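Q: This note's numbering runs 7 ahead of the 1-based position in the sequence shown.
Even glycine gets a Cβ: it sits at the ideal position worked out from N, Cα and C.
What you are looking at is a predicted structure, and each value in this text was computed from that prediction instead of being measured.
Can you keep this structure in mind? I'll have questions shortly.
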Amino acid sequence: AFNLAGLDVANYGTADWNPLKELIKPGETVLLKPNLVKETHPRDPVGWTYVLTHGSIIRAVADYVWKALQGEGKVILGDAPQTDSSFSTIAKLLGLNELSEFYASLGLDFEIVDLRKEEWVNQGDVIVARNKLSGDPHGYISFDLGSKSEFAEHSGEGHYYGADYDAGEVNYHHSGGRHEYLIAGTAVHADVIFSLPKLKTHKKAGITVSLKNLVGINGDKNWLPHHTEGDPSTGGDERPFLDMKDRSERSIVPVFRWFSLNIPGLGPQIHRFARRLGSHLYGDTEDIVRSGNWWGNDTVWRMCLDLNKIVLYGNPDGTFRSEEPLSQKRHYVLVDGILAGEGRGPMNPDPVPAGIIVFGIHPASVDAACAYLMGFDPENIPIVRQAFLCDHFPLAQWNWRDVTLLSNKPAWNGILPDIPDDSTLKFKPHFGWIGHIERSSIREESYDIP
Numbered sequence: 008a009f010n011l012a013g014l015d016v017a018n019y020g021t022a023d024w025n026p027l028k029e030l031i032k033p034g035e036t037v038l039l040k041p042n043l044v045k046e047t048h049p050r051d052p053v054g055w056t057y058v059l060t061h062g063s064i065i066r067a068v069a070d071y072v073w074k075a076l077q078g079e080g081k082v083i084l085g086d087a088p089q090t091d092s093s094f095s096t097i098a099k100l101l102g103l104n105e106l107s108e109f110y111a112s113l114g115l116d117f118e119i120v121d122l123r124k125e126e127w128v129n130q131g132d133v134i135v136a137r138n139k140l141s142g143d144p145h146g147y148i149s150f151d152l153g154s155k156s157e158f159a160e161h162s163g164e165g166h167y168y169g170a171d172y173d174a175g176e177v178n179y180h181h182s183g184g185r186h187e188y189l190i191a192g193t194a195v196h197a198d199v200i201f202s203l204p205k206l207k208t209h210k211k212a213g214i215t216v217s218l219k220n221l222v223g224i225n226g227d228k229n230w231l232p233h234h235t236e237g238d239p240s241t242g243g244d245e246r247p248f249l250d251m252k253d254r255s256e257r258s259i260v261p262v263f264r265w266f267s268l269n270i271p272g273l274g275p276q277i278h279r280f281a282r283r284l285g286s287h288l289y290g291d292t293e294d295i296v297r298s299g300n301w302w303g304n305d306t307v308w309r310m311c312l313d314l315n316k317i318v319l320y321g322n323p324d325g326t327f328r329s330e331e332p333l334s335q336k337r338h339y340v341l342v343d344g345i346l347a348g349e350g351r352g353p354m355n356p357d358p359v360p361a362g363i364i365v366f367g368i369h370p371a372s373v374d375a376a377c378a379y380l381m382g383f384d385p386e387n388i389p390i391v392r393q394a395f396l397c398d399h400f401p402l403a404q405w406n407w408r409d410v411t412l413l414s415n416k417p418a419w420n421g422i423l424p425d426i427p428d429d430s431t432l433k434f435k436p437h438f439g440w441i442g443h444i445e446r447s448s449i450r451e452e453s454y455d456i457p
């Protein structure tokens, strides 16, 4: 991928090849940001291989980063996995501790950081314990995008739902003109961010590649709006519509969330019992659309693009750089699509032996290219489409249709609209997105959609 991108072509194939030397300079601090979301898969003991960024990808990129640094500088591998994930188990699966020891033996400054403030214990999809962590050694920085947030014109104020039972917290941070995010200092202080996402479908965003990957730089994910409660008729995107059964569920669920938050010990037990009963009465989230897990989610893409704005333009003191493209922080991407995930992503996908690696220096363009190769239409995936349309703190000041792909596969060369549909990988979307994001010829071919 680096060679196809034209990096240090003169030395390709020799021991002197240093593909990242024009992108990373000696003395800089580089954050490697893989996707370490969850160490387990609900249906497959080895499902982590198509859920997490593979350790071999991390090692290869880290080696080339070190070569560009010429032994001067620092490399940090950091992420904030889902709060009920075990960072130590993830590190063991991917061989991260051995990697750290190897670099240390060479006298290189390689640090592995769990960017979370807490790790939860989850039993029966209910939080039963919250364990404090040491957190990011660089602390956390609050950013307020205010009127330059993608939520500025959104009508969901007071109805957002985040990552925890206490919806009051996320609504406080996104009200009264405020749109605040708590970002890990490691990400803000780094000179370069090198994203290493896994190629997967996503229940709330359609796909998860580099733009969605930045959810993992947050200190508190309950500051992040994930969906807006209600249905479109009331300005929400929780579900396509709410019938009487749905409304009864919505009236009951907050009661048991309150028990979990306010009655230690007994409260979570009551919540677990109610959740088991509720899955029989109302259906399991892995089988029905709820919680914004569908193509009409008009919330999560806004949150993700806000995070990308902060990464590119945020300063360590919580202020912002100018909106000129040349003032942006460098954010590079290499996508692990060797063994990818389709269907019920991001944590319960089916494997796709896609066998691809995608590299680029503009995350929005990388995501557009990945969407196209998956057989999807970027125009129908809000997180991709809107990344090219931000009025403030722009992420990409060009049209996604002008993105050019270079590949060792002949059919995958040229601007995206020229890539033949029948050459793409034809991923199956999450069931809440089927029939809405596929390229039209693929949708007609693959699914019985009227």
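Between 179, 272, 397, 93, which lies nearest to residue 126 when the distance is taken from Cα to Cα?
A: Within the sequence shown, numbered from 1, the residue matching residue 126 stands at position 119. Ranking the options by Cα distance to residue 126, first place goes to 93.
Q: Determine the closest residue to residue 301 out of 195, 77, 437, with distance taken between C-alpha atoms.
A: Within the sequence shown, residue 301 is the residue found at index 294, counting from 1. If we check each option's Cα against that of residue 301, 437 comes out closest.
Q: What residue ranges within the segment 93-145 form continuous beta strand (DSSP E) runs of no fewer than 3 residues, ordered along the chain?
A: 117-121, 125-130, 133-139
Q: CB residue 359 to CB residue 378, shorter than 7 Å?
A: Locating residue 359 in the sequence shown gives position 352, counting from the first residue. Locating residue 378 in the sequence shown gives position 371, counting from the first residue. Result no, Cβ atoms of residue 359 and residue 378 do not sit closer than 7 Å.
Q: Nearest by alpha-carbon distance to residue 226: which of 250, 150, 425, 182 is it?
A: Here the question's residue 226 lines up with position 219 in the sequence shown. Minimum Cα distance to residue 226 is reached at 150.
Q: Out of 412, 309, 232, 333, which has the shortest C-alpha to C-alpha gap to residue 404?
A: Numbered from its first residue, the sequence shown carries residue 404 at position 397. Measuring from the Cα of residue 404, the nearest candidate turns out to be 333.
Q: If the criterion is Cβ atoms closer than 7 Å, does the pair residue 318 and residue 402 meet it?
A: The residue labelled residue 318 in the question sits at position 311 within the sequence shown. The residue labelled residue 402 in the question sits at position 395 within the sequence shown. In this structure, residue 402 does not lie closer than 7 Å to residue 318 by Cβ.
Q: Does the distance from the C-beta atom of residue 179 to that of residue 233 stay below 7 Å?
A: Here residue 179 refers to the residue found at position 172 of the sequence shown. Here residue 233 refers to the residue found at position 226 of the sequence shown. It is not a contact, given that the beta carbons lie outside the stated cut-off.
Q: Which residues bound the alpha helix (DSSP H) around residue 180?
A: In the sequence shown, counting from the first residue as 1, residue 180 sits at position 173. It spans 174-180 - the alpha helix (DSSP H) in which residue 180 sits, taken as one unbroken run.
Q: Measuring CA to CA, which of 418, 60, 23 is closest to residue 215?
A: Against the sequence shown, residue 215 aligns to sequence position 208. Looking at the Cα atoms, 60 is the closest of the given residues.
Q: How far does the beta strand (DSSP E) with residue 81 in it reach, from first residue to last?
A: Within the sequence shown, the letter at position 74 stands for residue 81. Counting along the chain, the beta strand (DSSP E) containing residue 81 begins and ends at 81-86.
Q: For residue 385, which residues of its own chain have a beta-carbon under 7 Å away from its beta-carbon, when the five flanking residues on both sides are left out?
A: Taking the sequence shown and counting its residues from 1, the one referred to as residue 385 is at position 378. For residue 385, where only same-chain residues beyond five positions count, the Cβ hits under 7 Å are 375, 378, 379, 391, 392, 407.
Q: To the nearest angstrom, how far is the alpha carbon of residue 454 from that of residue 442?
A: Position 447 of the sequence shown holds residue 454. Position 435 of the sequence shown holds residue 442. At residue 454, the pLDDT of 48 sits below 50, so the modelled position is not reliable; the number obtained from the coordinates is stated separately. Spanning the two alpha carbons is a distance of roughly 7 Å.
Q: Could you tell me how far apart the beta carbons of residue 68 and residue 58 are, in whole angstroms, since I believe they sit closer than 8 Å?
A: What you label residue 68 is simply residue 61 of the sequence shown in a count that begins at 1. What you label residue 58 is simply residue 51 of the sequence shown in a count that begins at 1. About 19 Å separates the two Cβ atoms, so there is no contact after all.
Q: Secondary structure at residue 159, three-state DSSP: helix, strand or coil?
A: Along the sequence shown, read from residue 1 onward, the residue named residue 159 stands at position 152. Coil, per DSSP.
Q: Going by C-alpha distance, which of 199, 153, 428, 91 is nearest residue 130?
A: Here residue 130 refers to the residue found at position 123 when the sequence shown is read from its first residue. Checking every option, the nearest Cα to that of residue 130 belongs to 91.
Q: Within the continuous beta strand (DSSP E) that includes residue 40, where are the two ends?
A: By 1-based counting over the sequence shown, the position of residue 40 is 33. Element bounds for residue 40: 36-41.
Q: For residue 356, name the three-state secondary structure that DSSP assigns.
A: Numbered from 1 along the sequence shown, position 349 holds the residue referred to as residue 356. Strand, per DSSP.
Q: Taking just the CA atoms, how far does residue 210 sit from residue 294?
A: Counting from one through the sequence shown, the residue named residue 294 turns up at place 287. Counting from one through the sequence shown, the residue named residue 210 turns up at place 203. Each residue's Cα considered, the two are about 11 Å apart.
Q: For residue 248, count neighbouring Cβ atoms within 10 angstroms of its own Cβ and tell me buried if that reaches 16, exposed if not.
A: As a first step, residue 248 is located in the sequence shown; it is residue number 241 there, counting from the start. Counting of Cβ neighbours within 10 angstroms places residue 248 among the exposed residues, the total staying below 16.
Q: I'd like to know whether the C-beta atoms of residue 205 and residue 42 end up nearer to each other than 7 Å.
A: Here residue 205 is taken as the residue at index 198 of the sequence shown, counted from 1. Here residue 42 is taken as the residue at index 35 of the sequence shown, counted from 1. Cβ distance < 7 Å, so residue 205 and residue 42 count as in contact.
Q: Any idea which residues DSSP pairs residue 400 with across the strands?
A: Against the sequence shown, residue 400 aligns to sequence position 393. Answer is none; residue 400 lacks a bridge partner.
Q: Please classify residue 448: does DSSP put it in a helix, a strand, or coil?
A: Residue numbering aside, residue 448 sits at position 441 when the sequence shown is read from its first letter. Three-state result, residue 448: helix.
Q: Would you mind sorting residue 416 into buried or exposed? The rule is 16 or more other CB atoms within 10 Å of its CB.
A: Counting from one through the sequence shown, the residue named residue 416 turns up at place 409. Label assigned to residue 416: exposed.
Q: Would you decide whether residue 217 is buried or exposed? Buried here means 16 or more other CB atoms lie within 10 Å of its CB.
A: Working through the sequence shown from its first residue, we reach residue 217 at position 210. Answer is buried; the Cβ neighbour count reaches 16.
Q: Would you call residue 77 buried or exposed, if buried means 16 or more other Cβ atoms sit within 10 Å of its Cβ?
A: As a first step, residue 77 is located in the sequence shown; it is residue number 70 there, counting from the start. In the assembly as shown, residue 77 is an exposed residue. Its beta-carbon has fewer than 16 other beta-carbons within 10 Å.
Q: Rounded to the nearest angstrom, what separates residue 104 and residue 200 at their Cα positions?
A: Counted from its first residue, the sequence shown places residue 104 at position 97. Counted from its first residue, the sequence shown places residue 200 at position 193. If you take the alpha carbons of residue 104 and residue 200, they lie about 21 Å apart.
Q: Which same chain residues, not among the five before or five after residue 350, have their C-beta less than 6 Å away from its C-beta?
A: Position 343 of the sequence shown holds residue 350. Cβ within range, chain order: 356, 357, 435.
Q: By the 10 Å Cβ neighbour count, where 16 or more other Cβ atoms means buried, how is residue 140 classified, buried or exposed?
A: Taking the sequence shown and counting its residues from 1, the one referred to as residue 140 is at position 133. Label assigned to residue 140: exposed.
Q: Mind checking which residues open and close the beta strand (DSSP E) that includes residue 347?
A: For the purposes of this step, residue 347 is identified with residue 340 of the sequence shown, where counting begins at 1. Run containing residue 347: 337-351, per the beta strand (DSSP E) assignment.
Q: Return the Cβ separation of residue 193 and residue 83 in integer angstroms, given the expectation that the two are a contact with Cβ distance under 8 Å.
A: Taking the sequence shown and counting its residues from 1, one reaches residue 193 at position 186. Taking the sequence shown and counting its residues from 1, one reaches residue 83 at position 76. Correct: roughly 6 Å between the Cβ atoms.
Q: Does residue 31 come out as helix, strand or coil in the three-state DSSP assignment?
A: Working through the sequence shown from its first residue, we reach residue 31 at position 24. Three-state result, residue 31: coil.
Q: Quick check on residue 24: does DSSP put it in helix, strand or coil?
A: Residue numbering aside, residue 24 sits at position 17 when the sequence shown is read from its first letter. Here residue 24 sits in coil by DSSP.
Q: Beta-carbon within less than 8 Å of residue 50's beta-carbon, same chain only, minus the 5 sequence neighbours each way: which residues are those?
A: Within the sequence shown, numbered from 1, the residue matching residue 50 stands at position 43. Cβ neighbours of residue 50 beyond the five flanking positions: 355.
Q: Just the C-alpha distance for residue 423 and residue 22, rounded to the nearest angstrom, thanks.
A: For the purposes of this step, residue 423 is taken as residue 416 along the sequence shown, with counting starting at 1. For the purposes of this step, residue 22 is taken as residue 15 along the sequence shown, with counting starting at 1. Taking the straight line from one Cα to the other gives about 34 Å.
Q: Hey, out of 102, 56, 118, 96, whose CA is closest to residue 80's CA?
A: Along the sequence shown, one-based indexing puts residue 80 at 73. The option with the nearest alpha carbon to residue 80 is 118.
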